[in-house]
Amino acid sequence: MTNSRIVLDQSRIPTHWYNVIADMPNPPAPVLAPDGKPITPDQLMMIFPESLIMQEVSGERWIPIPEPVREIYKLWRPTPLQRAYRLEQALGTPARIWYKNESVSPAGSHKPNSAVPQAYYNKQAGIKRLSTETGAGQWGSAISLAGQMFGLEVMVYMVRISYDQKPFRRSMMQTWGARVLPSPTNTTRSGSKILAADPESPGSLGIAISEAVEVAAENPDTNYTLGSVLNHVLLHQTVIGLEAKEQMQIAGDYPDVIFAPCGGGSNFGGIAFPFLADKAAGKNIRLVAVEPTSCPTLTRGHYAYDFGDSVGLTPMLRMYTLGHDFVPPGIHAGGLRYHGDSALVSQLYHEKIIEAVAVDQIATFEAGVLFAKTEGIIPAPESNHAIRACIDEALRCKASGEPKCLLFNLSGHGHFDMAAYDRFFRGELEDYAYPQEAIEAALEHLPKVALG
Ligand SMILES: *Cc1c(COP(=O)(O)O)cnc(C)c1O
Numbered sequence: 052m053t054n055s056r057i058v059l060d061q062s063r064i065p066t067h068w069y070n071v072i073a074d075m076p077n078p079p080a081p082v083l084a085p086d087g088k089p090i091t092p093d094q095l096m097m098i099f100p101e102s103l104i105m106q107e108v109s110g111e112r113w114i115p116i117p118e119p120v121r122e123i124y125k126l127w128r129p130t131p132l133q134r135a136y137r138l139e140q141a142l143g144t145p146a147r148i149w150y151k152n153e154s155v156s157p158a159g160s161h162k163p164n165s166a167v168p169q170a171y172y173n174k175q176a177g178i179k180r181l182s183t184e185t186g187a188g189q190w191g192s193a194i195s196l197a198g199q200m201f202g203l204e205v206m207v208y209m210v211r212i213s214y215d216q217k218p219f220r221r222s223m224m225q226t227w228g229a230r231v232l233p234s235p236t237n238t239t240r241s242g243s244k245i246l247a248a249d250p251e252s253p254g255s256l257g258i259a260i261s262e263a264v265e266v267a268a269e270n271p272d273t274n275y276t277l278g279s280v281l282n283h284v285l286l287h288q289t290v291i292g293l294e295a296k297e298q299m300q301i302a303g304d305y306p307d308v309i310f311a312p313c314g315g316g317s318n319f320g321g322i323a324f325p326f327l328a329d330k331a332a333g334k335n336i337r338l339v340a341v342e343p344t345s346c347p348t349l350t351r352g353h354y355a356y357d358f359g360d361s362v363g364l365t366p367m368l369r370m371y372t373l374g375h376d377f378v379p380p381g382i383h384a385g386g387l388r389y390h391g392d393s394a395l396v397s398q399l400y401h402e403k404i405i406e407a408v409a410v411d412q413i414a415t416f417e418a419g420v421l422f423a424k425t426e427g428i429i430p431a432p433e434s435n436h437a438i439r440a441c442i443d444e445a446l447r448c449k450a451s452g453e454p455k456c457l458l459f460n461l462s463g464h465g466h467f468d469m470a471a472y473d474r475f476f477r478g479e480l481e482d483y484a485y486p487q488e489a490i491e492a493a494l495e496h497l498p499k500v501a502l503g
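Each residue of the sequence shown is one higher than the one before, starting from 52 at the first, in the numbering used here.
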């Protein structure tokens, strides 16, 4: 009997994170303050601890993982690498399909890989409280778990509509001791302003970010945390790819193509970047970020400087963007709705070192259901994007007879997203390509920055 599940001993939890900046052909584009000048570390010190700011700008290839963080990683890491034999059989493909199962964390996704070190470094810096935003609740749950482990208070501004419609994610956060507030609240200036204009506001991620940043900026004992996009978040997520490399080696295999869903880019960077080091050394490997056609940031967005939030409070990043005033189409149920993308992922895409593909919504749920029926695990709707792209490649292998090795990141399970599956089963979901006029219109609203 062949092994279908490669598990590593806990002593093999990585001791260092891998920093892709060391292997990029060009240095990362600078982050700009609202005045258009490169941002200085002090400007970030209001809301982040110095240790994380240093990681954000570091060019060191290897960054040590603190022992207390590795101790907590032990609760679920190393995660299994699994061969999807039953999916391969159902597809009749000669391709070998592997997946890294990040759904085994307590929060059910890859997000605690960064939430735990973020809580740790804030605790070290003497911070008492973390503030953050959450939409569907994945990042909110991860930071609630992590804050609790280091005795930090956690305040989560949860987009009001999700707060009302997704009570179980809220219950998870409360179980781990977090305070969850439906955003907009009347406890911040940003929130009060919105409520004054519209007392029934359903909220948005942009508003929730403004509230969380405002509290962090105004309270010296409070810092802000972000679950994706920033360099240090992608850095922390590289434990995924580092483990996967070792597991593939044990399996005696090596991927020709890697797929991961891409929202802000953290789980894609996490699995892909450690393999990019091999690519930089001449290895032939394709790294594919998969996004929805309804929010096609990399495949159809502009590569430009833009804000991270809708109000324009954050620094500007050079990234692929649909415009910071992007509003996700209501018909979209599959997640991955952020208007921008990680600056590192964006630059690597711009330089054609990585690839991106967009997939239609209904096809992603079909792929998720086939995966659940063959491999058992019900994937998060976000993860379904990677599964779809991987299945499409496996079907191309079937047509051409090529026995390629494919690897994808199962970024999370879908146990708290069954309402999205229900909408799929009821036939309520539609495919929706983001309109070209809206993409062109976004150009008008981008901050005016002269590109060097
Ligand atoms: C948040 C999330 C994503 C997308 O975020 P990235 O930062 O792009 O990784 C994908 N899958 C799951 C399960 C998530 O919770």
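Here a beta-carbon is modelled for each residue, glycine too, at the ideal position from N, C-alpha and C. Since this is a predicted model, take the numbers as computed values, not measurements.
Item, Value
"Using 10 angstroms around the beta-carbon of K88, count the other beta-carbons present and answer buried if the total reaches 16, otherwise exposed.", "exposed"
"Does the stretch 169 to 176 touch the stretch 246 to 259, meaning 3 or more C-beta pairs lie closer than 8 angstroms?", "no"
"Would you tell me roughly how many angstroms separate the C-alpha atoms of P168 and E433, rounded to the nearest one?", "23 angstroms"
"Rounding to the nearest angstrom, what Cα-Cα distance links V108 and A394 in this structure?", "12 angstroms"
"Relative to ligand 1, is the shortest distance from any of its heavy atoms to the C-beta of A431 smaller than 6 angstroms?", "yes"
"Judging by CA-CA distance, which residue of L281, S261, L132 and R147 is the nearest neighbour of M105?", "L281"
"Of the choices I405, P115, L457 and V396, whose alpha-carbon is the least far from that of R439?", "L457"
"Less than 7 angstroms between the beta carbons of N435 and I322, yes or no?", "no"
"Check for me: the beta strand (DSSP E) holding Y371 runs from which residue to which?", "M367 to T372"
"Smallest Cα separation from G359: which of P76, A84 and V71?", "A84"
"Write down the C-beta distance between M206 and S182 rounded to the nearest angstrom, noting that I regard them as a contact closer than 8 angstroms.", "5 angstroms"
"Can you tell me whether T372 is buried or exposed, with buried defined as 16 or more other CB within 10 angstroms of its CB?", "buried"
"Quick one: Cα of S149 to Cα of A135, how far?", "Reading the sequence as shown, one finds Trp at residue 149 and not Ser. Rounded to whole angstroms, W149 to A135 spans 6 angstroms at the Cα level."
"Would you call the stretch 221 to 235 and the stretch 177 to 193 in contact, with 3 or more CB pairs under 8 angstroms?", "yes"
"What distance in whole Å lies between the Cβ atoms of M224 and S261, which are believed to be in contact at a cut-off of 8 angstroms?", "So it is not a contact: roughly 20 angstroms between Cβ atoms."
"For R77, I'd like the list of residues in its chain whose CB is within less than 8 angstroms of its CB, leaving aside the five on either flank, ordered along the chain.", "Reading off the sequence, residue 77 comes out as Asn, not Arg. Counting only Cβ-Cβ distances below 8 angstroms, and skipping sequence neighbours, we find Q398 and E402."
"What residue does the alpha helix (DSSP H) around S451 start on, and which one ends it?", "P432 to S451"
"Assuming P145 contacts E488 (C-beta within less than 8 angstroms), just tell me the rounded distance between them.", "About 43 angstroms; that fails the 8 angstroms criterion."
"Is S165 close to ligand 1? I mean its beta-carbon at under 6 angstroms from any heavy atom of the ligand.", "no"
"To the nearest angstrom, report how far apart S195 and Y214 are at their CA atoms.", "15 angstroms"
"Taking the alpha helix (DSSP H) that W190 falls in, what are its first and last residues?", "Q189 to M200"
"Please name the residue or residues paired with D249 in a DSSP beta bridge.", "None, per the DSSP bridge assignment."
"Using a threshold of 7 angstroms, state whether the C-beta atoms of F467 and F219 are closer than that.", "yes"
"Is it buried or exposed for W113, if we count other Cβ within 10 angstroms and need 16 for buried?", "exposed"
"Taking the alpha carbon of G198 as the point to measure from, which residue in N152, N274, V155 and S154 has its own alpha carbon closest?", "N274"
"Report all residues from its chain with a CB closer than 6 angstroms to the CB of T350; omit the five preceding and five following residues, and keep chain order.", "A407 and A409"
"Count the other CB atoms within 10 Å of the CB of P325; is the residue buried (16 or more) or exposed (fewer)?", "buried"
"I'd like to confirm the pairing. Which residues does DSSP put opposite G463 in its beta bridges?", "S160"
"My output table needs one value for D272: the three-state DSSP class, helix, strand or coil.", "coil"
"Going by alpha carbons, who is nearest to V266 out of F99, S462, Y124 and P79?", "F99"
"So, under 8 angstroms CB-CB, Y69 and T289 are touching, yes? Tell me the CB distance rounded to an integer number of Å.", "4 angstroms"
"Kindly provide the ranges of any beta strand (DSSP E) runs that are 3 or more residues long and lie completely inside the stretch 467 to 502, ordered along the chain.", "none"
"Could you tell me if H496 is buried or exposed, where buried requires 16 or more neighbouring beta carbons within 10 angstroms of its beta carbon?", "exposed"
"Could you give the residue range of the beta strand (DSSP E) that holds I114?", "W113 to P115"
"Just tell me which of G419, L138, P271 and D357 has its CA closest to the CA of L446.", "L138"
"Is the beta carbon of G385 sitting closer than 7 angstroms to the one on P343?", "yes"
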